[in-house]
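The sequence shown: position 141 = 140 (numbering that gives the first Met the number 0), numbered continuously. Just so it is clear, CB atoms sit at the ideal spot from N, CA and C, and this is done for glycine as well. Contents: one structure, followed by commentary.
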Amino acid sequence: MSSSNYRRNKAAIDQFRKELMAMVDDIREIDQRILNRAVNAGVKYAKNNSPVITGFYRKNWRSAPAVKAKAGGVTKHLVNSADYASYVNYGHRTVDKDGNTTGYIKSKKGDHLLERTVNYAGKQLEKEFKKEVEAVQNRHN
0 MSSSNYRRNK AAIDQFRKEL MAMVDDIREI DQRILNRAVN AGVKYAKNNS
50 PVITGFYRKN WRSAPAVKAK AGGVTKHLVN SADYASYVNY GHRTVDKDGN
100 TTGYIKSKKG DHLLERTVNY AGKQLEKEFK KEVEAVQNRH N
């Protein structure tokens, strides 16, 4: 093994490692930004698909700020703080004056809205992440 080949190979490997670490740092930086975009799109989706009688249920969709987790990831919560949000999401039973069940009510528009919103936000997260990773790759090429 000649000394010049070793130096050239080592220089190429060092350069590759430096570029790779720059890409990894860029990707770590974008995870919180992408999560914010995806969950905010989920809040918009939930508000647009919420059933409206008084508007209180629709108005109470919120997302908490994104927080870095101890495990190294990022978390963000999507909530509806209306007292009756679970009844709209999952449905509820109706009773007569004696306490007997007379039927079940499911919201046509709001049925399992939280689950549908989480699925929508997950799809948005995939799209946004793919777009950002491609942008990082283009920047480093």
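Residues in its own chain within less than 7 Å of residue i by CB, not counting five upstream and five downstream?
i     : result
Asp30 : Val73
Asn68 : The sequence given here has Ala at residue 68, not Asn. Hits under 7 Å: Thr74.
Tell me the rounded alpha-carbon separation between residue i and residue j.
i      : j      : result
Glu131 : Ala37  : 13 Å
Ile104 : Val94  : 11 Å
Glu114 : Ala10  : 51 Å
Arg62  : Ala120 : Position check: residue 62 holds Ser in this sequence, whereas Arg was assumed. Ser62 and Ala120: Cα-Cα distance of roughly 12 Å.
Met22  : Ser49  : 40 Å
Which residues share a DSSP beta bridge with residue i?
i      : result
Gly102 : Thr93
Lys67  : Val73
Val78  : Arg61
Excluding the 5 residues preceding and the 5 following residue i in the sequence, name in chain order all residues of the same chain whose CB lies nearer than 6 Å to its CB.
i      : result
Thr116 : Gly41, Tyr44, Ala45
Arg92  : Thr100, Tyr103
Val78  : Arg61
Asn35  : Ala65
Could you tell me if the beta carbon of residue i falls within a distance shorter than 7 Å of some heavy atom in the ligand GDP?
i     : result
Ile52 : Within the structure as shown, the ligand GDP is missing, as the structure has no ligands at all.
Taking contact to mean 3 or more Cβ pairs, one atom from each stretch, closer than 8 Å, check whether the segment 46–60 and the segment 12–25 are in contact. no
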